[in-house]
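Listed in order, the protein sequences are those of chains A and B. Going by the working numbering, the first residue of the first sequence is number 637, and it counts up by one from there. Going by the working numbering, the first residue of the second sequence is number 4, and it counts up by one from there. Built from N, CA and C at the ideal position, the CB exists for glycine as well. Computed from a prediction, not measured in an experiment: that's the story for all the values here. These notes concern the structure reproduced below.
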Amino acid sequence: MEIKEICRSLAYEMSKKGVYPSVLYQYSKGTFVFTDKNERRIQDIPTLKGIVLSVFNGKETDEYATYDIDYNKILKEAKRLKERIKGGNFSLPIENIESDFKTECEIEPEKISIKEKLELVENFKEKMIKRDKRIVNVQSAYIESEDYKVFSDGNKTLSQSIIRTRVFLMVQVMEGNIVRWNYLIKGIEGGYEVTRISDEELEKLCSVALELLGAKKIEPGFYDCIVDPSVSGVIAHEAFGHGVEMDMFVKGRAKAKEYLLKRVGSDVVNIYDDPTIKGAFGSYFFDDQGTIAKRTHIVQNGIFKNGLTDLLSYTRLKTERSANGRRESFKRKVYARMSNTFFGKGDKKIEDMITNLENGVFIERVEGGMEDPKGWGMQVNALIARDVKGGKFTGKIFSPIIITGYVPDILMSITECSDSFELDSGGCGKGHKEIVPVSTGGPHLRLKARLE
Amino acid sequence: MIEKIKSAIIKNKIISDWKIREIEEDSKQYYFIKKDKECEKRVFDKKYLLTIYVDKEGKRGESTVTIQTEDDIEKKIESAIIDASMGLNPYYSLPEKTKYPEVKIKKTGDTEKFLDDFLNTMKEEKGVKLSAAELFQNYRKIRFLNSKGIDTFFDETSYYFEFVVIAKSGKNEAESHIEMKRRRLNDIKIKEIVPEVVKRAKDSLKTSLPKTGKFNVVISGEEVLSFFSPIIFHTSGNVHYKKESLIERGKEWIKECYYDRLTLIGNAILDYGNDSYPFDEDGVPNTRKVIIEDGIFKNIWSSKKYADYLSIKPTGDFGNIEIPKGKTPFKELIKDENPIYHIVEFSAGLWPDDYTGNFGGEIRLGYEIYKGKVKTIKGGSIRGNVFSCFSKTLFSKEEQFIGSYIGPKAIKFFDITIAGG
Chain A
637 MEIKEICRSL AYEMSKKGVY PSVLYQYSKG TFVFTDKNER RIQDIPTLKG IVLSVFNGKE
697 TDEYATYDID YNKILKEAKR LKERIKGGNF SLPIENIESD FKTECEIEPE KISIKEKLEL
757 VENFKEKMIK RDKRIVNVQS AYIESEDYKV FSDGNKTLSQ SIIRTRVFLM VQVMEGNIVR
817 WNYLIKGIEG GYEVTRISDE ELEKLCSVAL ELLGAKKIEP GFYDCIVDPS VSGVIAHEAF
877 GHGVEMDMFV KGRAKAKEYL LKRVGSDVVN IYDDPTIKGA FGSYFFDDQG TIAKRTHIVQ
937 NGIFKNGLTD LLSYTRLKTE RSANGRRESF KRKVYARMSN TFFGKGDKKI EDMITNLENG
997 VFIERVEGGM EDPKGWGMQV NALIARDVKG GKFTGKIFSP IIITGYVPDI LMSITECSDS
1057 FELDSGGCGK GHKEIVPVST GGPHLRLKAR LE
Chain B
4 MIEKIKSAII KNKIISDWKI REIEEDSKQY YFIKKDKECE KRVFDKKYLL TIYVDKEGKR
64 GESTVTIQTE DDIEKKIESA IIDASMGLNP YYSLPEKTKY PEVKIKKTGD TEKFLDDFLN
124 TMKEEKGVKL SAAELFQNYR KIRFLNSKGI DTFFDETSYY FEFVVIAKSG KNEAESHIEM
184 KRRRLNDIKI KEIVPEVVKR AKDSLKTSLP KTGKFNVVIS GEEVLSFFSP IIFHTSGNVH
244 YKKESLIERG KEWIKECYYD RLTLIGNAIL DYGNDSYPFD EDGVPNTRKV IIEDGIFKNI
304 WSSKKYADYL SIKPTGDFGN IEIPKGKTPF KELIKDENPI YHIVEFSAGL WPDDYTGNFG
364 GEIRLGYEIY KGKVKTIKGG SIRGNVFSCF SKTLFSKEEQ FIGSYIGPKA IKFFDITIAG
424 G
């Protein structure tokens, strides 16, 4: 029996009044190609292959997951789940859909030989490592993965094959006892085209790493800031991403629940979550609960409009269903999770934004972030802040930078958004686990924040 | 399956060495929203990780592939040979058959009883409500074989538990959250942890920002773990082989040291330690080794590969962090002439940068102690560098075991930068 038929049949076997059955099959594989000044490594990203059966009665979910795709064995478990879960009056609209989706790659990764991939990462390394004797190492890696999933609830049967590729470059520099590093990550839902990295980008990567050797610590305090898209993206992700994952509303853990349809940011603030963006690292065609991907306008002109739901929060909160029910793998449960989360762009030229900054800093190269959905505290770590006086860079730089603050204070302080737009790739956890691929980004933003 | 993999390996003469790790997992997961079970899940997984080694021109390449079905074997080996033949590095050998230490890493507990106890304990707490809880019981069995004759196995348990408590006062709400991983369920002491988390949630209802400036800071509980990853990184064989370490063996690990000098032990055979195993991923017996002794960097810890490169003996995994207790009682640590901050929870740890040692983190909950008065603080952040902050340190006399750490319950650092109000 083909895997789609297995999924459909198992879902059908679990059907019962008041119970929503579903089956998800996952087969993920990938390759990692790495080099630095001492080593080369080519290996599989550990393969994940398995199936998860799920029954949901509006209140509770019961799941069984296994690596062993033996129909008869799994059927026994399907019947056991059906027997164990309490039925009732719960139901979801029936959708009779059958669709197959696949990432469109400009260059299919499988058409490029491993030798060529190794030469690529070696080439990136060689171009950078000899540039300056203070460069003590360069790590260069190419990563590709394919995540194939089949979802069926007995009526709707969907399949998707998502190809994601990434290039990771890190330059380590040392002078005396001072060590610094800089990095470049490009990640897309797409193919080998991700490896198009210009010599100018490599040069900038090295020159900024070397520049960081002279960086000072910033004096703690409040600053007028312009942040680059990598930083603005993580602000969106932390401020109105995690805090509006609506399973957190069900748990009473999100302050945002009190702010639905209320002002949370200035007029220029628009935040979206959108898994449909072609080529973005966090994109998918349907979520792990079979909801076809669509855009959610989270904050519209400063007003909190919509959150991100999984099946549980959609059911309990009786709200609009978004396509954000995601699992780390078939081995973990579904939570409401982000996809590609970003600020909408504005109409300002970045050059004008800098010219208009009388006394402040330009913050670039995000390192990560965290949030506190209940207290609305937020932290974003970045690599560099450049001093700006009278609209010009003074040449002084500070590193590392910690941006902290109260979410509404930061969002209300945003006065300008640039007309540029970029998305960065990354992984996002729920707490310290449940990592899923996402992207974050947006335009440059002008805002006020506490820096340390 | 293992015999089939071995047969396929033997057919390929180009393969110089190999290792196989057969990994079986059985996990039970329980999820609660408020006091009701929201989800229960059972998970079974099994896979074979095959690493093959190809020797060419005096160099060695390795590649690891995942095998889940018999149909995978030939194709996966073929692709691993290609990958290993191109990823050539200086030669290193595999460990030979040897005797492994006995280490206790398995003890199954009664999850149903644990959850009942937890929910009943929560019921007794007034002024708070349970927001959510998760409990995972994980069992793994790993069989390890290599071309040098090793054929051994171990099995292990681990328990992951997290819960969130919300305190309310009028319209004001605040939460406290804890995550724990232990090998034994009875190392998660409900009767001690619940009141502590409840207290933190209640304390979080009325907070203020810390001051800005340089202060003495005491870090306690699970948060002490945040400081050690750069030290572990810079004492590893990998980093020494690459000549990227900021510290030199045989010398003081930091230039000037006042008060308590650090002794750091990597203990990979601590009974019921989260990071304890009888052997590492290559089959090297795990050990308890002194890395830093009284401030002097004594020994590099290393896998077989980097140990061969550095001509030292492999130690196996670093393992759990073990630090001898200090002489100062906790009560004395938090006494100071000036305002002192006792931090019990960061929002997401301290994020130390292993390479530079820089760290920074937002304070989720702490206490400002000054002239006998205690004020709850939240927000603001602390910043520093591991390689300088340990120059002035005091370790508490009280000890704690928190899964992958056994050592002082609290550490006092001096002149740490805090950015607050």
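Asked                                                                                                                        : Found
Whole-angstrom distance between R770/A and K785/A, CA atom to CA atom                                                        : 46 Å
Within-9 Å CB hit, L754/A to chain B                                                                                         : yes
E762/A versus Q775/A, I750/A, K751/A and E752/A, residue with shortest Cα-Cα distance                                        : Q775/A
heavy atom of the ligand NAP below 8 Å from E81/B C-beta                                                                     : What this structure holds is no ligand at all, so the ligand NAP is not there to describe.
Pairwise C-alpha distance: I257/B and S391/B                                                                                 : 7 Å
Min CB distance G382/B to chain A below 9 Å                                                                                  : yes
N693/A at chain B interface by Cβ criterion, 9 Å                                                                             : no
Limits of the unbroken beta strand (DSSP E) element including H345/B                                                         : I343 to F349
Check whether F922/A and E825/A have beta carbons under 9 Å apart                                                            : no
Secondary structure of L993/A, DSSP reduced to three states                                                                  : coil
Interface residues of the stretch 695-718 of chain A facing chain B [CB-CB below 8 Å]                                        : K695, E696, T697, D698, E699, Y700, A701, T702, Y703 and D704
Spatial distance of K852/A from Y142/B (CA atoms)                                                                            : 48 Å
Contact set for Y163/B: own chain, Cβ-Cβ below 8 Å, skip 5 residues either direction                                         : E137, L138, F139, N141, E182, M183 and K184
Residues, ordered as in the chain, of the stretch 673-686 of chain A that lie near chain B by beta-carbon distance below 9 Å : K673, N674, E675, R676, R677, I678, Q679, D680, I681, P682, T683, L684, K685 and G686
DSSP state of P213/B mapped onto helix, strand, coil                                                                         : coil
Near-chain A residues of the stretch 227-245 of chain B (beta-carbon distance less than 7 Å), N- to C-terminal order         : Y244 and K245
Chain B contact for L1087/A (CB, 9 Å cutoff)                                                                                 : yes
9 Å Cβ cutoff, W354/B in contact with chain A                                                                                : yes
I12/B to E964/A span [Cα, whole Å]                                                                                           : 33 Å
Under 7 Å by beta carbon: chain B residues contacting V815/A                                                                 : L249, Y358 and T359
Partner residues on chain B for K887/A, Cβ-Cβ distance less than 8 Å                                                         : I36, K37, S134, A135 and V167
Neighbour flag for G406/B against chain A, beta carbons, 9 Å                                                                 : no
Cβ-based burial, M637/A [other Cβ within 10 Å; buried from 16]                                                               : exposed
Terminal residues of the beta strand (DSSP E) in which I907/A lies                                                           : I907 to D909
A87/B at chain A interface by Cβ criterion, 9 Å                                                                              : yes
Spatial distance of M974/A from L944/A (CA atoms)                                                                            : 7 Å
Three-way DSSP call (helix, strand, coil) for V1097/A in this model                                                          : The displayed coordinates of chain A run from 637 to 1088. Any statement about residue 1097/A would go beyond what the structure contains.
Helix, strand or coil at N937/A according to DSSP, with G and I counted as helix                                             : coil
Reference F393/B, options T379/B, I299/B, S350/B and E81/B, closest by Cα                                                    : I299/B
Pairwise C-alpha distance: K308/B and F1034/A                                                                                : 38 Å
Extent of the continuous alpha helix (DSSP H) run through T124/B                                                             : T114 to E127
The stretch 47-56 of chain B contacting the stretch 15-26 of chain B, beta-carbon criterion three pairs below 8 Å            : yes
Contact set for K722/A: own chain, Cβ-Cβ below 7 Å, skip 5 residues either direction                                         : N693
Residue from E255/B, T124/B, T160/B and I145/B whose Cα sits closest to the Cα of P198/B                                     : T124/B
Local Cβ density within 10 Å of H1068/A, reported as buried at 16 or more and exposed below that                             : exposed
Minimum length 3: unbroken beta strand (DSSP E) runs contained in the stretch 8-42 of chain B                                : 18-36
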